[in-house]
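To start, the structure itself, in structure tokens.
Residue numbers (our numbering): 3 to 234.
As structure tokens, then:
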């Protein structure tokens with residue numbers, strides 16, 4: 003083979019290699035902008051529906067240590083005193099009521115959560131795809147926290163209004179909140195439980211999304227395998 007022929011063939015080989023790499027780069031770009039958006043939407047909708055189903059049942063909150071709603075910090079000392087004086091049932095009733103209220107409220111948020119997913123932008127999808135563990139939680143909190151809070155609050159209020167200890171807490175909390183002894187989000191049982199319900203919901207959605215991200219093959223979806231397989 004002459005030197006000229008060798009150089010010519012080498013040049014062709016380099017051009018082919020460059021073209022191949024460019025095609026791969028374009029494929030990744032297409033995934034980021036098109037398939038990624040669709041894949042993220044599928045993953046988040048599945049995650050949201052799974053979280054609502056898990057939390058919106060008996061013991062969805064109360065039986066799950068990750069999201070179980072504890073007493074407000076300001077009430078902890080009083081609760082210990084009540085238990086020492088044989089009034090532990092009042093404390094237990096309040097904790098159960100708070101968590102049952104959360105379990106009742108969560109299903110009301112399904113449509114809002116799905117709507118947020120369907121209306122998400124390509125920019126939102128890319129940010130979640132490339133983001134860290136809090137990317138999903140941040141997205142849902144920004145898009146739905148206020149409207150979901152408005153939906154959940156009446157349910158929580160109706161449930162806790164039947165509990166005497168909740169009423170007592172609210173009376174005390176309203177007096178000491180102005181002095182800064184109670185956190186703003188703990189100024190009433192209703193506000194506190196509503197906030198914790200949202201926190202638990204977003205936490206579980208994030209967990210469900212991470213399961214899909216870690217095992218896209220297990221979803222049985224070719225789109226999810228393509229999208230999340232490309233990020234590994």
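For glycine and all other residues, C-beta sits at the position ideal for the given N, C-alpha and C.
Keep in mind the model is a prediction, meaning the values are calculated, not measured.
In this structure, how does DSSP classify residue 185 when only helix, strand and coil are distinguished?
coil
Taking only the alpha-carbon atoms, compute the straight-line gap between residue 225 and residue 180 and give it to the nearest angstrom.
53 Å
Counting pairs of beta carbons, one from the region 43-56 and one from the region 113-122, are three or more of them closer than 8 Å?
yes
Once the 5 residues before and after residue 52 are set aside, which same chain residues still bring their CB inside 7 Å of it?
210
Just to confirm, is the Cβ distance from residue 204 to residue 74 under 7 Å?
no
Local Cβ density within 10 Å of residue 215, reported as buried at 16 or more and exposed below that:
buried
Decide if the region 161-171 is in contact with the region 98-111; the criterion is three or more beta carbon pairs, one per stretch, under 8 Å apart.
yes
Quick one: grab the DSSP three-state call for residue 100.
helix
By the DSSP assignment, the alpha helix (DSSP H) with residue 86 in it spans what residues?
75-86
Can you give me the C-alpha to C-alpha distance between residue 47 and residue 220, rounded to a whole angstrom?
16 Å
I need the straight-line Cα distance from residue 93 to residue 66, nearest angstrom please.
19 Å
Anyone know if the C-beta pair for residue 103 and residue 175 falls short of 7 Å?
no
Can you find at least 3 beta carbon pairs, one from the region 141-160 and one from the region 183-197, that sit closer than 8 Å?
yes
Between 89, 197, 173 and 217, which has its C-alpha nearest residue 69's C-alpha?
197
Residue from 61, 78 and 55 whose Cα sits closest to the Cα of residue 112
55
Residue 200 to residue 213 span [Cα, whole Å]
20 Å
Please work out which residues of its chain come closer than 6 Å, Cβ to Cβ, to residue 72, disregarding the five sequence neighbours upstream and downstream, and give them in chain order.
none
Whose CA, out of 152, 125, 135 and 89, lies closest to the CA of residue 206?
135
Who are the Cβ neighbours of residue 149 in its own chain at under 6 Å, not counting the five residues just before and after it?
114
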